[in-house]
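Numbered by our numbering, the letters in the sequence shown go through residues -1 to 593 in order. Inspection log for the structure reproduced underneath, given as structure tokens.
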Amino acid sequence: MTRPGDGDDLAKVRERFLTAETVDPRQVRDAILASWRRSLRLNVAADRIDLTYMRDPDLDTPLSRSALPVLMHLREHLDGQPISIILTDPAGLVLARLAADHDLDAHLDHVQLAPGFSYAEEFVGTNGIGTALEGGRPMHVFGHEHYAEHLEDLACAGVPIHHPISGKTVGAVDLTCWRKDADALLLALAKTTADQIRQALFTDSHIRDLELLQEYQRACRRTTGIVFAISDDVVMMNDLARQVLDPGEQSILLGQAADALTARHPAAVVTVELPSGVRAKMRCRPVGGGGRPAGGVVHVKLTEFGERPHGELVTPPRMFLPGLVGSGALWSRGCHQVEAIHAAGEWLALEGECGVGKLAVLRAVHRRRTPAARFSVLDAAEATDRSWVAAARGELLGGTGTLVIRHVDRLSAGRLHALSSALRAATAADRPDPLWVAVTLSRREDGGELAELLRFFPSTVELPPLRHHADDVHALVPFFLGKLVPGGRLVCSPEAMQFLLRSSWPGNVEQLWQVLRRIVQHRRTGSIRPNDLPPECRTVSRRLLSPLEAMERDAIVQSLIDHDGNKVRAARSLGMSRATIYRKIHGYGIVPPTG
């Protein structure tokens, strides 16, 4: 039988992909090619496997207790066949590996597919465990489909394990064997095993967990406020909790609630001060009588926020590059990578969605590294005639310092070819003073003139969208307000900050800047309140809206504000039925004012 990872053809396709050559997508499965591209963006090494070891992973978990008997039973029925059975946590950390034969075990040890090592896609690239967890669905990876070359002799089939009550991913089961021994039944066997583990999890869940589910559903029906339920195995949270609380705040409240519910004398009411300045009052009600409760149902109320006392000193935001704020891990890593590439003198392609701050990062690195040198910017979006290409050639051949060419992905094929010729001439020129060149783009292509142009830039760094480092909104808002209204005369209230934190920001940092610019046109002193925010900041929808949809959303938000959140009156004023406005509020992710 021919398997998808067999044969020299796929090996050559993988080699062409890793050397940035054009790849025919018909020669490799879509899911594998998408995983290869993710692995490349994450800078996963293809020629080595070197993972961080975590000593003694925790096996005293509901997953391990339910899964290990199933896996040992499977091991017995495999009757000595060289198939390794592997259990991981939801992050791809290997919890257990049941022995296969000596040669296969030795090879798996060599590639660190062993307890204590994570086989997440971000560390190893395309593989059965990490790619299944990344995609949230069963995945088989054969031979040369693996991203790391040391895995090419293996075949693996991974299946995520979902909790039978909450539905969340709690781990994965993986079957790995030699590529030559694999067949299509490997994935079917892995699916069956995952189903058995899920059933064991359900069976092992005590009746009190079902009671917890019933109490949670009852609480959600009785209130429109924030509700969540928590036990050792399960966390349930209603839509309002996900909309109003950011992930960091959710984590804090869940931790405090768990402590309160498991204490010897559980506290009925717990008040928590969140980092954003919000005060949350939690009413914790244990569920399950006799012995240790199964968990509890928690009602959360966000109390009225206090204003910042007059004259209070505000700690200035931390800046590790001049004029830039933000300390999110992805953002910081991207900035440090740009600075390191500049220090090495390598030309750079800086990628990221529109508005993420690509030019700001390049300008900040220039100010840090070569402040006395010239900083020039050419915008390819303005390339309407031949004079733009001539100006670019002149800068490349005669300029010094730093040259940034923005939006190169907007150039036509002809102008890309001309710019590539100018770059080639610039690299060959014997210049007395150095020139560092960076280009910015929103998208890359595997082929065509843009790919040819990017060959002159040995490194590509991708800056994250604002939604991937949303905590930096805490630092960006006061930083921008300080630029727009100097002297600290205008601050953002914690209530308004909550709306800004949970916005999806499809336009990224630039959109946040423009929102604040619009706000200061009508609010120049005091504190920004929720009603000062434009309608786009009162929704949590992740999809991009058409202009007509955006107008409708804005009208609904404004009507809700005008009627103190009363949906019936807002619908009447817009000529909508109550059912229609409810549907549109949900569809647009609108968070109505509370009155």
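Heads up, the beta-carbon is just placed ideally off N, CA and C, and yes, glycines get one too. What you are looking at is a predicted structure, and each value in this text was computed from that prediction instead of being measured.
From the DSSP output, in three-state form, read off residue i for me.
i	result
D151	coil
E351	coil
E534	helix
L488	strand
C19	A small fix is needed here, since residue 19 is Glu in this sequence, not Cys. Coil.
A227	strand
G563	coil
W345	coil
T190	helix
V157	strand
G321	coil
E13	helix
S575	coil
S330	helix
R581	helix
L249	The residue asked about is misnamed: residue 249 is Ser in this sequence, not Leu. It is helical.
A116	Here residue 116 turns out to be Ser, not Ala, going by the sequence shown. Residue state, collapsed to three classes: strand.
D181	coil
A239	helix
V555	helix
I195	helix
R391	helix
I339	helix
Tell me which residue opens and which closes the alpha helix (DSSP H) that residue i is part of.
i	result
A494	P492 to R500
L173	First-last for L173: T167 to W176, but that is the beta strand (DSSP E), not the alpha helix (DSSP H).
D56	Per DSSP, D56 belongs to no alpha helix (DSSP H) and is neither H nor E.
C282	Run containing C282: none in the alpha helix (DSSP H); it sits in the beta strand (DSSP E), R277 to V285.
D377	Run containing D377: none in the alpha helix (DSSP H); it sits in the beta strand (DSSP E), F373 to D377.
V122	E119 to V122
E380	Careful: E380 lies outside any alpha helix (DSSP H) and carries neither H nor E.
T50	Element bounds for T50: n/a, residue is neither H nor E.
C512	This sequence places Gln at residue 512; Cys is not what is there. Element bounds for Q512: N506 to I517.
H415	A411 to A426
H144	Segment: none, H144 is in no alpha helix (DSSP H) and carries neither H nor E.
D28	D28 to R39
V359	K356 to R367
I127	G126 to G133
Just checking: is the beta-carbon of residue i within a distance shorter than 9 Å of some beta-carbon in chain D?
i	result
G355	Of the protein chains in this structure there is only one, and it is not chain D.
Are residue i and residue j close, meaning C-beta to C-beta below 9 Å?
i	j	result
I127	V92	yes
L401	A420	no
E143	R27	yes
G223	L243	no
V363	E337	yes
V270	R277	yes
A595	Q110	Only positions -1 to 593 of the chain appear in this structure, which leaves residue 595 out of reach.
I163	D101	no
G326	D469	yes
A146	V42	yes
L131	A155	no
V437	L499	no
A424	V387	no
L322	T458	no
R429	A381	no
E119	S62	no
A65	A29	no
At what residues does the beta strand (DSSP E) containing residue i begin and finish?
i	result
T438	L433 to L439
M235	V233 to M235
V402	G399 to R404
H138	M137 to F140
H297	G293 to L300
I588	Per DSSP, I588 belongs to no beta strand (DSSP E) and is neither H nor E.
K268	Correcting the residue identity first, residue 268 is Val in this sequence and not Lys. Element bounds for V268: V267 to E271.
S64	No beta strand (DSSP E) holds S64; the alpha helix (DSSP H) holding it covers P60 to H75.
I526	G524 to I526
With a threshold of 16 other CB atoms inside 10 Å of the CB of residue i, please say whether the residue is buried or exposed.
i	result
M70	exposed
T20	exposed
Q519	exposed
E302	In this predicted model, E302 has a pLDDT of only 43, less than 50, meaning its place in the structure is not dependable; the value taken from the coordinates is given anyway. E302 is exposed by the Cβ-count criterion.
Q335	buried
G309	Because G309 sits at a pLDDT of 39, beneath the cut-off of 50, its placement in the model cannot be relied upon, and the point is left open.
A258	buried
R177	buried
E460	buried
Q496	buried
Hey, which unbroken runs of the alpha helix (DSSP H) at 4 residues or more fall wholly within the segment 79 to 114?
100 to 108
I'd like the ranges of any beta strand (DSSP E) spanning at least 3 consecutive residues and lying wholly in the segment 441 to 484.
457 to 460
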